[in-house]
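**Q** Chains as they are written, first to last, in our numbering: chain A, 1 to 114; chain B, 1 to 110. All C-beta atoms, glycine included, are put in the ideal place defined by N, C-alpha and C.
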Amino acid sequence: DAGVTQSPTHLIKTRGQQVTLRCSPKSGHDTVSWYQQALGQGPQFIFQYYEEEERQRGNFPDRFSGHQYPNYSSELNVNALLLGDSALYLCASSLDVSSGNTIYFGEGSWLTVV
Amino acid sequence: RKEVEQDPGPFNVPEGATVAFNCTYSNSASQSFFWYRQDCRKEPKLLMSVYSSGNEDGRFTAQLNRASQYISLLIRDSKLSDSATYLCVVILYNFNKFYFGSGTKLNVKP
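#1: Applying the criterion that 16 or more other CB atoms from any shown protein chain within 10 Å of the CB defines a buried residue, is H10 (chain A) buried or exposed?
#2: Do you know offhand how far D96 (chain A)'s Cα is from N12 (chain B)'s?
#3: Please list, in chain order, the chain A residues whose beta carbon lies closer than 8 Å to that of P44 (chain B).
#4: Show which residues of chain A have a CB atom less than 9 Å away from the CB atom of G9 (chain B).
#5: Residues of chain A with CB under 9 Å from S102 (chain B), in chain order?
#6: Using the DSSP secondary-structure output, state which residues sit across from N55 (chain B) in a beta bridge.
#7: Between the stretch 24–44 of chain B and chain A, which residues of the former have CB atoms less than 9 Å from a CB of the latter, in chain order?
#8: Taking C-beta pairs closer than 7 Å, name the residues in chain B that G108 (chain A) reaches, listed in chain order.
#9: Mind checking if L87 (chain B) is an interface residue toward chain A, Cβ cutoff 8 Å exclusive?
#10: Roughly how many whole angstroms lie between the Cα atoms of Q68 (chain A) and V19 (chain A)?
#11: Between the stretch 62–72 of chain B and the stretch 17–37 of chain B, do three or more beta carbon pairs fall short of 8 Å?
#12: Would P110 (chain B) pass as a contact of L73 (chain B) if the rule is Cβ separation under 8 Å?
#13: Looking at the strands, I want to know which residues DSSP matches up with I75 (chain B).
#14: So, for G66 (chain A): in the same chain, excluding its five sequence neighbours on each side, which residues have a beta-carbon less than 7 Å away from its beta-carbon?
#15: So, under 8 Å CB-CB, V113 (chain A) and L88 (chain A) are touching, yes? Tell me the CB distance rounded to an integer number of Å.
#16: According to DSSP, Y72 (chain A) sits in a beta bridge with which residue or residues?
#17: Return the bridge partner residues of I12 (chain A) from the DSSP annotation.
#18: Are S32 (chain B) and I91 (chain B) closer than 8 Å when you measure CB to CB?
#19: Just curious, the beta strand (DSSP E) that P14 (chain B) is in, first and last residue?
#20: In whole angstroms, what is the alpha-carbon distance linking P70 (chain A) and P43 (chain A)?
#21: Nearest-angstrom Cα distance between R57 (chain A) and F64 (chain A)?
What follows is the structure, given as structure tokens:
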């Protein structure tokens with residue numbers, strides 16, 4: 001049973017560029033959340049997708065957008081990259097959080113903006 | 001005020017020591033609580049859930065104090081392999097929100 005998988009694992013982008021990160025949830029999970037974790041900080045919630053819709057959103061600008069597909073996989077898109085967007089981006093999956101299930105993380109995508 | 005606060009540490013302890021971390025949360029409607037472990041440059045992994053009655057898993061004990069709005073993690077007989085950052089997570093199911101603390105770093109030394 002595959003866990004949460006993310007791609008790419010590492011990437012380097014230039015300021016102003018756009019990036020797409022991908023996530024496949026753990027088998028059977030229908031909810032995908034994205035987090036940004038800067039060095040020395042805890043994960044910061046970006047948004048959560050359930051039934052192909054954004055259900056919750058943290059304090060991130062509109063440059064951060066996402067999508068969930070019918071197979072529950074998800075993408076995180078960041079436009080107009082800034083140096084401060086350099087971080088580990090974590091995808092977490094769960095059964096619908098409201099049912100009381102915990103979350104499992106992928107290994108993350110390390111984004112460096114230069 | 002942050003939803004979840006932790007002492008960032010680091011806690012530097014010798015092997016075999018007992019160490020405890022606390023994590024405070026601000027929303028009294030918080031419903032579920034977890035401790036995650038994160039190794040350097042790795043993803044967080046679930047360590048244990050935290051129940052109102054307290055729970056124990058080997059050398060690890062987690063407790064919840066709803067009146068004072070904090071959760072704790074106690075590690076007995078520390079091992080070198082316990083060195084990591086410990087994150088607490090608080091969930092509000094009604095709002096599908098879960099919040100992470102910034103983590104407490106533990107260094108266990110020989």
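**A** Once the coordinates are examined:
#1: exposed
#2: 38 Å
#3: P43, L90 and F105
#4: Per Cβ cutoff of 9 Å: no residues; G9 (chain B) is ~11 Å from chain A at best.
#5: G40, Q41 and G42
#6: B:A62
#7: Q31, S32, F34, Y36, Q38, R41, K42, E43 and P44
#8: E43
#9: yes
#10: 16 Å
#11: yes
#12: no
#13: B:V19 and B:F60
#14: W34, F47, Y49, E54, S74, E75, L76 and N77
#15: The pair is not a contact, with the Cβ atoms about 13 Å apart (cut-off 8 Å).
#16: Answer is none; Y72 (chain A) lacks a bridge partner.
#17: A:T112
#18: yes
#19: F11 to P14
#20: 26 Å
#21: 10 Å
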